[in-house]
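Student: In my numbering, the protein residues as written are 24 to 87.
Cβ coordinates follow ideal geometry from the N, Cα and C atoms, glycine included.
Note that the coordinates shown come from a computational prediction; the quantities given were computed from them, not determined experimentally.
Structure provided below as structure tokens; questions to follow.
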């Protein structure tokens, strides 16, 4: 059986934490920022985490 390959698109978007969760950057941060409040933009800078429902799918894409 050959080794599994890492999905490169997913590897650029998700990082595995020490506890096994997947960290991702927030969406809604690329353009049309003038209409968003400073508080909202500041909170979007923080990383968010993948939901429990999607966790298994992401772990299949990132086996290592």
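Straight-line CA distance for residue 85 to residue 56?
Tutor: 32 Å
Student: To the nearest angstrom, report how far apart residue 35 and residue 70 are at their CA atoms.
Tutor: Spanning the two alpha carbons is a distance of roughly 14 Å.
Student: With residue 46 as the anchor, note down where its beta strand (DSSP E) starts and where it stops.
Tutor: 45-47
Student: To the nearest angstrom, how far is the alpha carbon of residue 29 from that of residue 63?
Tutor: 33 Å
Student: Would you tell me roughly how many angstroms separate the C-alpha atoms of residue 49 and residue 27, rounded to the nearest one?
Tutor: 28 Å
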